[in-house]
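**Student:** Quick note: the sequence shown, position 106, residue 105 per numbering that gives the first Met the number 0, numbers continuous.
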Amino acid sequence: MSEVGRAQLRAWRRPFLLLSATAIVALMAVAVSGTAIIPATILGTLAIAGLALYLSAPRRAAPNPAASAPPVQDAGNLPDSARKVFECIDDPLLILDLAGRVVFANRASQSLVGAEAERKRISAVLRNPEVLEAVERVLAGGEPETIVFSVPVPVQRHYETNIARTGSPLVLVQFRDLTAMRRAEELRADFVANASHELRTPLAAVTGFIDTLRGHAKDDAEARERFLEIMSVEAGRMRRLIDDLLSLTRIELNEHNPPAGEVDVVALVREAAAALGALADSDRISIKIAPHEALHVVGDRDELTQVFQNLIHNAIKYGREGSEVRVRFGRTPSPTRREGAGQVFVAVEDEGEGIPREAIPRLTERFYRVDVKRSRERGGTGLGLAIVKHIVNRHQGRLQIESTAGVGSIFTVSLPATAAATVYPG
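(1) Is Leu42 helix, strand or coil when you go by DSSP?
(2) For Ser402, does the count of other Cβ atoms within 10 angstroms reach 16, so buried, or fall short, so exposed?
(3) Starting from the N-terminal side, write out each stretch of the alpha helix (DSSP H) that is 4 residues or longer and does not extend beyond the stretch 284-335.
(4) What runs of the alpha helix (DSSP H), each 4 residues or longer, lie entirely inside the stretch 335-419?
(5) Which whole-angstrom value is the C-beta distance of Arg182 and Asp90, which I expect to be below 8 Å?
(6) Please report how far the alpha carbon of Val412 lies from the alpha carbon of Leu310, in whole angstroms.
(7) Under DSSP, the alpha helix (DSSP H) around Thr248 begins and ends at which residues?
(8) DSSP three-state label for Ala104, please.
(9) Determine the extent of the alpha helix (DSSP H) in which Thr109 is found, giving its start and end residues.
(10) How far does the alpha helix (DSSP H) with Ser281 in it reach, from first residue to last?
(11) Report yes if the CB atom of Arg365 is closer than 9 Å to the CB atom of Ala385, and no otherwise.
(12) Can you tell me where the beta strand (DSSP E) holding Glu261 begins and where it ends?
(13) Using 10 angstroms around the beta-carbon of Arg187, count the other beta-carbons present and answer buried if the total reaches 16, otherwise exposed.
(14) Ser167 by DSSP, collapsed to three states: which one?
(15) Which term fits Gln308, buried or exposed, when burial requires 16 or more other beta carbons within 10 angstroms of its beta carbon?
(16) Would Glu348 and Val324 be called neighbours here (beta carbons separated by less than 9 Å)?
(17) What residues are listed by DSSP as bridge partners for Asn161?
(18) Rounding to the nearest angstrom, what Cα-Cα distance links Asp280 and Phe410 in this structure?
(19) Counting only the same chain and skipping the five closest in sequence on each side, list residues whose C-beta sits under 8 Å from that of Ala289.
(20) Is His389 near Val296, with beta carbons less than 9 Å apart?
(21) With a cut-off of 8 Å on the beta carbons, I'd call Val262 and Leu303 a contact; round off their distance for me.
(22) Per the contact definition of three or more C-beta pairs closer than 8 Å, is the stretch 123-137 in contact with the stretch 154-163?
(23) Per DSSP, Leu138 is paired with what?
(24) Helix, strand or coil for Val152? Go by DSSP, reduced to three states.
(25) Cutting at 8 Å between CB atoms, please list the residues of its own chain near Leu252, excluding the five before and the five after it.
(26) Pick out whichever of Phe148, Glu86, Glu352 and Arg118 has its Cα sitting closest to the Cα of Glu320.
(27) So does the stretch 213-224 actually touch the stretch 194-201, counting three or more Cβ pairs closer than 8 Å?
(28) Considering Ile94, what are the terminal residues of the beta strand (DSSP E) in which it resides?
(29) Among the candidates Leu398, Ala216 and Val152, whose CA atom is the shortest distance from the CA of Arg361?
(30) Look at the Cβ atom of Ala133, then the Cβ atom of Val124, and state whether they are nearer than 9 Å.
(31) On the premise that Leu93 lies in contact with Leu247, defined as a C-beta separation below 8 Å, what is that separation, rounded to the nearest angstrom?
(32) Determine, using beta carbons only, whether Val101 and Arg120 come nearer to each other than 9 Å.
(33) Got a sec, what are the start and stop residues for the alpha helix (DSSP H) Asp79 sits in?
(34) Taking its Cβ as the centre, do 16 or more other Cβ atoms sit within 10 Å of His312, making it buried, or is it exposed?
(35) Expressed to the nearest angstrom, what Euclidean distance is found between the alpha-carbon atoms of Asp451 and Leu111?
(36) Tell me the DSSP secondary structure of Ala74 in three-state form.
Pasting the structure below:
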């Protein structure tokens with residue numbers, strides 16, 4: 000207790016002590032003079048009461064400077080101005096209190112921790128052990144930390160996380176998306192390796208024919224025409240290969256950014272089939288599209304056109320002469336309203352020779368071909384199904400491949416339906 004507090008306490012108890020002392024002195028005087036019993040009783044009562052009041056007087060503590068200080072800002076109630084500023088940050092951002100609860104999560108963080116992360120412990124909304132351990136160390140008073148981690152599903156993404164305590168009782172957890180940077184590095188390396196491998200053969204062929212035309216065939220008109228035709232075919236193959244590589248690279252760079260448009264896949268498939276009509280006619284293959292009402296999905300029109308053109312093209316290319324390519328549509332209902340609007344599927348079926356079971360898992364790999372010779376004869380680059388896979392992944396859809404030897408193959412693409420196509424069971 001401070002000196003001021005002690006002085007206040009003494010001033011508060013002094014009257015009771017004085018009353019008790021006065022009563023005791025008067026009582027002694029009565030005892031000496033032999034006065035009647037009643038006055039003595041009264042004086043004794045006063046003495047006892049004064050002493051009791053002195054001993055039981057409330058102890059008024061000195062004023063607490065901390066109590067009069069302005070209250071500390073409640074970590075759970077960020078000012079609106081601060082929330083508006085944090086919402087303007089493009090990177091995911093979490094603010095935690097010292098108990099590890101999420102006080103604030105901006106909109107950019109919803110893809111990582113969900114839309115209802117606030118007021119929950121960070122361990123309940125983020126499952127990465129390295130990040131959680133770093134948060135615990137910072138909460139315990141440790142130095143700021145930087146953690147790099149990856150999220151494997153639905154599409155692999157890479158993040159750098161900075162964790163630090165502020166001057167107030169808060170901890171900032173900021174995420175920086177490194178996905179585009181990492182993919183650019185990987186794609187650059189893959190592009191060089193794949194392009195050099197696939198371009199080597201046609202370049203060697205073109206170079207060889209040029210040397211031949213400069214040599215003994217330079218005066219042979221028939222050989223010159225034949226060689227020029229082959230060179231034209233090889234140059235076209237290189238052009239298609241480069242176009243597909245650039246297309247695949249562009250799609251992979253944006254794979255982690257889902258599209259937000261709306262597309263009627265029934266109309267889109269009909270347009271894609273019409274564009275391939277001449278190719279189908281040259282092989283005497285008919286394209287049969289099942290009738291169906293409009294089906295709207297969430298997607299990018301140009302990319303989905305590329306998906307179905309590739310699938311129908313492959314069905315024509317690997318189908319038997321005089322056979323059919325069939326396309327049908329359908330909807331897969333969502334079990335509950337909470338799980339979204341369900342899926343729309345498009346199945347492309349051919350009547351080809353079928354695909355060996357062991358080859359199916361590898362069909363979407365870059366440059367993988369079941370029949371290399373036939374693929375190159377038909378102008379294939381080995382990138383078509385890789386492009387399909389990455390576009391479907393970007394659309395948060397699914398590609399399913401079924402094949403029966405001697406019967407044919409079915410390629411089914413499932414895509415998220417829009418609200419207009421929503422169907423619930425029951």
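Glycine residues also receive a C-beta, built at the ideal position from the N, C-alpha and C atoms.
**Tutor:** So, from the data block:
(1) Because the pLDDT at Leu42 is just 49, under 50, the model does not fix this residue reliably, and the value given afterwards should be weighed accordingly. Helix at Leu42.
(2) buried
(3) 300-317
(4) 371-376 and 383-393
(5) In fact, because the Cβ distance is near 18 Å, the residues do not count as touching under 8 Å.
(6) 10 Å
(7) Ala220 to Leu252
(8) strand
(9) The question names Thr, but residue 109 in the sequence shown is Gln. Segment Gln109 to Val112, the alpha helix (DSSP H) holding Gln109.
(10) Gly276 to Ser281
(11) yes
(12) Glu261 to Asp263
(13) exposed
(14) coil
(15) buried
(16) yes
(17) Thr145 and Gln173
(18) 22 Å
(19) Arg325, Val326, Arg327 and Phe328
(20) no
(21) 6 Å
(22) yes
(23) Note: Leu138 sits in no beta bridge, so no partner.
(24) coil
(25) Ala179, Arg182, Ala183 and Leu186
(26) Glu352
(27) no
(28) Leu92 to Leu95
(29) Leu398
(30) no
(31) 35 Å between Cβ atoms; not a contact.
(32) yes
(33) Asp79 to Glu86
(34) buried
(35) Only positions 0 to 425 of the chain appear in the structure, and residue 451 is not among them; the question remains open.
(36) For Ala74, the predicted structure reports a pLDDT of 45, less than 50, and the residue's modelled location is therefore unreliable. A value from the coordinates is still provided. Looking at Ala74 - three-state DSSP - the assignment turns out to be coil, as it is neither helix nor strand.
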